[in-house]
Amino acid sequence: MRRSIGLIAGSAKVKISGRRPELALNELSGDRLVFWGVRKTSDNEILLSIIGRDLKKAEAACNRASCAIIVLSKKGLPYILMRFKKRYVFYFAPVLSILIALYLSFFIWEIEITGNETVTEGEILTALEQVGVHIGTFGPKIDQEIVRSEVIALIGKLSWMTVNVYGCKAEVIVRERIDKPEIINESEPSEVRADKTGLITQINVYTGKPLVKKGDMVFSGQTLITGQLDSIGSGVRFVHAMGDVTARTWYKLSAGMPLEYITKRYTGENIERRSIMVGNIRVNLYFNAGISMVNYDKITTSERIHIGGFHLPVSLITTTYRAYEPIKAVFDTKEAEALLKSRLLKRLSDLGAKPTVLQYETTVDNGVITVVLNAECLEQIGVVSPLRVLPEPDDR
Amino acid sequence: MSRKGNVIKKAADLLDIPAEIITGMPIIEIGGMEKVRIENHKGLLEYGSDKIEINGGKAVICITGSGLKIKAMNADVLVISGDIFKLEFCYT
Chain A
11 MRRSIGLIAG
21 SAKVKISGRR
31 PELALNELSG
41 DRLVFWGVRK
51 TSDNEILLSI
61 IGRDLKKAEA
71 ACNRASCAII
81 VLSKKGLPYI
91 LMRFKKRYVF
101 YFAPVLSILI
111 ALYLSFFIWE
121 IEITGNETVT
131 EGEILTALEQ
141 VGVHIGTFGP
151 KIDQEIVRSE
161 VIALIGKLSW
171 MTVNVYGCKA
181 EVIVRERIDK
191 PEIINESEPS
201 EVRADKTGLI
211 TQINVYTGKP
221 LVKKGDMVFS
231 GQTLITGQLD
241 SIGSGVRFVH
251 AMGDVTARTW
261 YKLSAGMPLE
271 YITKRYTGEN
281 IERRSIMVGN
291 IRVNLYFNAG
301 ISMVNYDKIT
311 TSERIHIGGF
321 HLPVSLITTT
331 YRAYEPIKAV
341 FDTKEAEALL
351 KSRLLKRLSD
361 LGAKPTVLQY
371 ETTVDNGVIT
381 VVLNAECLEQ
391 IGVVSPLRVL
401 PEPDDR
Chain B
4 MSRKGNVIKK
14 AADLLDIPAE
24 IITGMPIIEI
34 GGMEKVRIEN
44 HKGLLEYGSD
54 KIEINGGKAV
64 ICITGSGLKI
74 KAMNADVLVI
84 SGDIFKLEFC
94 YT
């Protein structure tokens, strides 16, 4: 504790010499001066430490005890500061630092985007960059109205956005456009056609006249429900045909792949390259940029440096080069078959078909595995299309 | 002890006051065998690593030991540390 006080307040190590140096200690304590580390080196000499500012009082006390005092060393904060007394740059540097920090606080160092769901942050950042808002932009120069209108014009999916600048941080809040539902023009004459070949299992007609019935085999493009109605009283009438037509459909899909493939075997040789991104400026922390490896994977990670919760515009970028050698490998037949089956099911699902019966045929020929999927599905095949022969205007 | 001293001591006993406060006698606290704390001292008479003599007013307190050091000292309190072998009073 006393040593810590000595370091902060400054302490001096002194040598008191005289006929009876003990008397000097009495005088020092009598004057209520703090001292410590008392060590008698000889009959007439004592070493001790005292607070630096008490040196003059200590001299007077020692004189009273007919002793001499010699300062051996001085240490502590006041003496360190005194050493820098004439180094004016130490006074100037903090002021300069504050001014620089103040100046830099006007720039955007962080962009935070919220409210986006389908539009990616990358798209928004690119659009913002195009209109002049990026890391390093002078904050007060940002015209929110112009940025808002230009970004919305660039990204059609956005309906609203705002840019709030808080010091070094730009908060971008966006709202995405909700797509308008498809409006069916029910006054337009139309018919329902089959978009796939199949066997009808169910037909529900809302408007129009069915031309097929349950159990009929229909072909792609065939009219299922017509919008042309015959009326006894008013002749031919045209309506917007609507209805659900469910049919049994069949698919034959096939997929194949060679059992032999090329894979990577990592050799364990890695090269790491580090660089620092300050704003948009990249500073490489290496000299030799060449990579001697023939085949390698390049993995780049970027770590934003932050102090507490405040993100600095500085990122540490680490690029790792992992060497590998290409080697031949052979798939297990069952494993390959399972992979192809899952791919075929994915394709079937992408077609919108709901399978009821699945049958696979697997063949291996010349190192190539082929899986054929025969599927029976149940699905909606009716699509509303314009009438093939539009009526004359007078007939409406 | 002088006649005046005796009277003061008796008065202090009667009033249930610690006599050393009135008479100015030193109060000595010994902590284990390594530390001595002396209040109401009148200054050092001799200081060495083997022997320290302290003016206790009516008596000289003589501490003998090895590696004796003054740990803290001010006008009222003196703390001595080290291996203490003996503490004795030498009446003057």
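Respectively, the protein sequence lines represent chains A and B.
Under the working numbering, think of the first position of the first sequence as 11, with each following residue one higher.
Under the working numbering, think of the first position of the second sequence as 4, with each following residue one higher.
Beta carbons are placed, not taken as given, at the ideal position from N, Cα and C, and that holds for glycine.
These numbers were taken from a predicted model, which means no experiment stands behind them.
Cβ neighbours of residue i in the same chain (closer than 8 Å, five flanking residues each side left out)
i	result
lysine 364 of chain A	Cys387, Leu388, Glu389
glycine 51 of chain B	Leu71
leucine 361 of chain A	Tyr261
arginine 406 of chain A	Residue placement at arginine 406 of chain A cannot be trusted, given a pLDDT of 45 that sits under 50; what the coordinates show is reported in the next sentence. Counting only Cβ-Cβ distances below 8 Å, and skipping sequence neighbours, we find Phe248.
phenylalanine 100 of chain A	Phe94
valine 80 of chain B	Arg40, Ile41, Glu42, His44
Own chain residues within Cβ distance below 6 Å of residue i, not counting five before or after
i	result
serine 169 of chain A	Arg185, Arg187
lysine 50 of chain A	Ile56
threonine 207 of chain A	Phe229, Ser230
threonine 124 of chain A	Ile183
threonine 172 of chain A	Ile183
Collapsed DSSP secondary structure at residue i in the structure displayed
i	result
aspartate 360 of chain A	helix
glycine 85 of chain B	strand
arginine 328 of chain A	In the sequence as displayed, the identity of residue 328 of chain A is threonine instead of arginine. Three-state DSSP puts threonine 328 of chain A in a strand.
valine 105 of chain A	helix
serine 159 of chain A	helix
isoleucine 110 of chain A	helix
aspartate 19 of chain B	coil
cysteine 93 of chain B	strand
serine 14 of chain A	helix
aspartate 405 of chain A	Its pLDDT being 48, under 50, aspartate 405 of chain A is placed unreliably by the model, and the measurement read from it follows with that caveat. If DSSP states are grouped into helix, strand and coil, aspartate 405 of chain A belongs with the helices.
proline 396 of chain A	strand
leucine 388 of chain A	strand
glutamate 32 of chain B	strand
valine 10 of chain B	helix
methionine 303 of chain A	coil
arginine 30 of chain A	coil
serine 264 of chain A	strand
Amino acids of chain A, ordered along the chain, whose beta-carbon sits closer than 7 Å to that of residue i
i	result
alanine 14 of chain B	Within 7 Å Cβ-Cβ: nothing; alanine 14 of chain B doesn't reach chain A, min ~30 Å.
tyrosine 94 of chain B	Chain A residues near tyrosine 94 of chain B: none, gap ~20 Å exceeds 7 Å.
Neighbourhood of residue i by C-beta distance below 7 Å, restricted to the same chain and skipping five residues each side
i	result
alanine 75 of chain B	Val82
threonine 4 of chain A	Since the first residue shown for chain A is 11 and the last is 406, residue 4 of chain A is missing from the structure and cannot be characterised.
tyrosine 271 of chain A	Ala339, Phe341
tyrosine 334 of chain A	Lys274, Arg275, Tyr276, Thr277, Asn305, Tyr306, Asp307
leucine 164 of chain A	Ala137, Gln140
threonine 217 of chain A	Val249, His250, Ala251, Met252
Contacts that residue i makes with chain A (C-beta to C-beta distance below 8 Å)
i	result
lysine 72 of chain B	Val48, Arg49
Closest by C-alpha distance to residue i, when choosing among the options
i	options	result
glutamate 37 of chain A	A:Ser21, A:Ser76, A:Ala22, A:Ser52	A:Ser76
leucine 263 of chain A	A:Ile193, A:Pro199, A:Thr372	A:Thr372
threonine 366 of chain A	A:Thr259, A:Asn126, A:Leu58, A:Trp119	A:Thr259
leucine 71 of chain B	B:Met28, B:Lys54, B:Asn58, B:Gly59	B:Lys54
glutamate 91 of chain B	B:Gly85, B:Asn77, B:Thr67, B:Asn43	B:Thr67
glutamate 37 of chain B	B:Lys45, B:Ile57, B:Gly85	B:Gly85
asparagine 376 of chain A	A:Val105, A:Leu269, A:Gly362	A:Leu269
threonine 211 of chain A	A:Leu112, A:Leu82, A:Asp254	A:Asp254
histidine 250 of chain A	A:Tyr113, A:Val393, A:Arg158, A:Asp153	A:Val393
arginine 158 of chain A	A:Val141, A:Lys151, A:Pro150	A:Val141
glycine 16 of chain A	A:Leu355, A:Leu43, A:Ser59	A:Ser59
alanine 22 of chain A	A:Val48, A:Gly40, A:Ile61	A:Ile61
leucine 358 of chain A	A:Gln369, A:Glu192, A:Ala385	A:Ala385
glycine 40 of chain A	A:Arg74, A:Ile213, A:Glu160	A:Arg74
leucine 397 of chain A	A:Thr236, A:Gln154, A:Asn214, A:Glu196	A:Thr236
isoleucine 176 of chain A	A:Glu198, A:Ile165, A:Ile152, A:Ile193	Residue identity differs from the one stated: residue 176 of chain A is tyrosine in this sequence, not isoleucine. Of A:Glu198, A:Ile165, A:Ile152, A:Ile193, the residue nearest in Cα terms is A:Ile152.
alanine 257 of chain A	A:Asp226, A:Ile108, A:Met303	A:Asp226
lysine 190 of chain A	A:Lys167, A:Pro150, A:Leu135, A:Ala111	A:Lys167
threonine 7 of chain A	A:Ala346, A:Thr329, A:Leu322, A:Ala180	No information on residue 7 of chain A is available, as it lies outside the stretch 11 to 406 that chain A covers here.
Under 7 Å by beta carbon: chain B residues contacting residue i
i	result
arginine 42 of chain A	Asn77, Ala78
glutamate 55 of chain A	What glutamate 55 of chain A touches in chain B: nothing, since even the nearest Cβ is about 11 Å away.
glutamate 32 of chain A	Leu47, Leu48, Glu49, Tyr50
serine 39 of chain A	Met76, Asn77, Ala78
Interface partners of residue i on chain B, CB under 9 Å
i	result
serine 35 of chain A	The sequence given here has leucine at residue 35 of chain A, not serine. Simply Gly46, Leu47, Tyr50, Ile73, Met76.
Proximity test, residue i beta-carbon vs the ligand NAD heavy atom, cut-off 7 Å
i	result
leucine 221 of chain A	No copy of the ligand NAD occurs in the structure displayed, which carries no ligand at all.
Legend entry - the region 243-256 of chain A / the region 13-22 of chain B touching (three or more Cβ pairs under 8 Å): no
Inset, instruction - May I ask you to verify whether the region 57-70 of chain A touches the region 90-102 of chain A, counting CB pairs closer than 8 Å and requiring at least 3? - result: By the C-beta criterion, the region 57-70 of chain A is judged not to be in contact with the region 90-102 of chain A, since fewer than 3 inter-stretch pairs fall below 8 Å.
Inset, instruction - Indicate whether the contact test is met: 3 or more Cβ pairs, each with one atom in the region 114-121 of chain A and one in the region 131-147 of chain A, closer than 8 Å. - result: Flag = yes, the region 114-121 of chain A and the region 131-147 of chain A touch.
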